[in-house]
Structure formats: structure tokens, C-alpha cells
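Residue numbers (the UniProt record's numbering): 1 to 187.
For reference, the structure is listed below as C-alpha cells.
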Amino acid sequence: MGAAHSASEEVRELMGKTGFSSDQIEQLHRRFKQLSGDQPTIRNLRKGPSGLADEINFEDFLTIMAYFQPIDTTMDEDQVQLCRREKLRFLFHMYDSDSDGRITLEEYRNVVEELLSGNPHIEKESARTIADGAMMEAASVCVGQMEPDQVYEGITFDDFLKIWQGIDIETKMHVRFLNMETIALCH
Numbered sequence: 001m002g003a004a005h006s007a008s009e010e011v012r013e014l015m016g017k018t019g020f021s022s023d024q025i026e027q028l029h030r031r032f033k034q035l036s037g038d039q040p041t042i043r044n045l046r047k048g049p050s051g052l053a054d055e056i057n058f059e060d061f062l063t064i065m066a067y068f069q070p071i072d073t074t075m076d077e078d079q080v081q082l083c084r085r086e087k088l089r090f091l092f093h094m095y096d097s098d099s100d101g102r103i104t105l106e107e108y109r110n111v112v113e114e115l116l117s118g119n120p121h122i123e124k125e126s127a128r129t130i131a132d133g134a135m136m137e138a139a140s141v142c143v144g145q146m147e148p149d150q151v152y153e154g155i156t157f158d159d160f161l162k163i164w165q166g167i168d169i170e171t172k173m174h175v176r177f178l179n180m181e182t183i184a185l186c187h
């Protein structure tokens, strides 16, 4: 009884920290086990403002996934804006690998190359070109017309907010929980 009691206490604690229901935590735990190969940690994932993590445990995984919760329909406009800002700050920190408050061209190139590395049709040089073009676009949005000798130091969080202005990240950046029983019936 003691182990079951402490497990339910742990689930309640995780529910309080993350906002997930016990059913959602159970589904995420199954997914975590798939991703980790049934090991206690997953290796080589980005982890919040601290940059690249060697490995994360299930609680870390839940904390990261909590950023991807859908917008609660009962939220007022201020709460929606706060949620949007938190999601964008999480994304910003994924790019800002050295946590200096600025996404440099090199950091952006690394993320784009990492994201596109699984595509056999995109070479590393193409990924760099994509990153360079996106950074030039960011500079034009954030700084405007630059002088030929002017150097764009990188994207600050305020710049990042400008870039994402008008993009409905609140509904696009969220995790969906599917009814696994319904899916099983479809096969």
C-alpha cells in the first residue's frame, strides 16, 4: 500500500506542477517510455533556459511538455497573452543555446541544421542558406533598413516577440491527447 500511496502522491504533485490530468500523465509516461526505449532517461534533448541537456528524466519531460498545453477556453485575454509569452520564451531558449539573451546567426544555423539533418534531400550548405535568409528577414523586421557596414548582433527576446507577432502560436504550439481506444478500433 505504501508504494501505491507514494505513487499517487507523486502523480498529484506532477499534476500540480504541470497542469496535466492523471490520464494525460499516464499517456505521456507511455510515450516517454517509447522514446527512451524503456530507460529512465532520454538523451540529447534541449531543456529550457539551460540549453542542451545530456539527458532528461520523466519529470523533466513533463515540464517541457507542459509548455505545449492547449489554451484553456476559460482564460481571459491577459492570461492568453501570458501563456503566449511563456511558449515563445520556451522557444527562444531552445535557440539561445548559450543563454546569453540573444540568438546569434551561428546558434540559429545550428538549430536549422539539426532540424533538417534527418532530411536526406537537404544538404548542410542548403540548411545554412535557409538559416542565413531567415536571419536576414529577422534583421529587416527588427532593425529595418541596415547600413552596409552594420552588423546584426542577433535576435533578442523582444525581437523574437516582434517576429512572431500575428502568428497564432497559442493554438498551433500544443500537444493533443488522442483517445487510444478509438485509434485501436480504426486498425
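Where a beta carbon is used, it is the ideal one built from N, C-alpha and C, also for glycine.
No experiment lies behind these values; they were computed from the predicted model shown.
Straight-line measurement puts the Cα of Ser8 at about 45 Å from the Cα of Glu106.
Bridge pairing for Glu55: Arg43 [DSSP]. Residue pairing by DSSP places Ile103 opposite Ile155 in a beta bridge. In this structure the segment 146-161 does not lie against the segment 119-128, because fewer than three pairs of beta carbons, one per stretch, are closer than 8 Å. If one requires a minimum length of 3 residues, no beta strand (DSSP E) run lies completely within the segment 107-169.
Within the model, the alpha-carbon separation for Thr18 versus Leu62 is close to 7 Å. Ile155 is classed as buried because its beta carbon has at least 16 other beta carbons within 10 Å across all chains shown. Per the C-alpha coordinates, the member of Lys124, Gly133, Leu161 positioned closest to Cys142 is Leu161.
Cβ contact annotation for Thr74 (same chain, cutoff 6 Å, sequence separation greater than five): none.
When secondary structure is reduced to three states using DSSP, Met75 falls in the coil class, being assigned neither helix nor strand.
The residue among Leu82, Ala139, Val175, Val80 with its C-alpha nearest the C-alpha of Thr104 is Ala139.
Annotation: the continuous alpha helix (DSSP H) that includes Gln27 extends over 22-36.
A residue is called buried once 16 or more other Cβ atoms fall within 10 Å of its Cβ, and Arg85, having fewer, is exposed.
In this structure Asp159 is buried. Its beta-carbon is surrounded by 16 or more other beta-carbon atoms within 10 angstroms. Around Asn57, the same chain offers Pro40, Thr41 as residues with beta carbons nearer than 7 Å, after the five sequence neighbours per side are excluded. A Cβ-Cβ distance of about 6 Å is found for the pair Leu28 and Met65, placing them in contact under the 8 Å criterion.
A distance of 8 Å or more separates the beta carbons of Tyr95 and Ala134.
The alpha-carbon separation between Asp76 and Lys124 amounts to approximately 44 Å.
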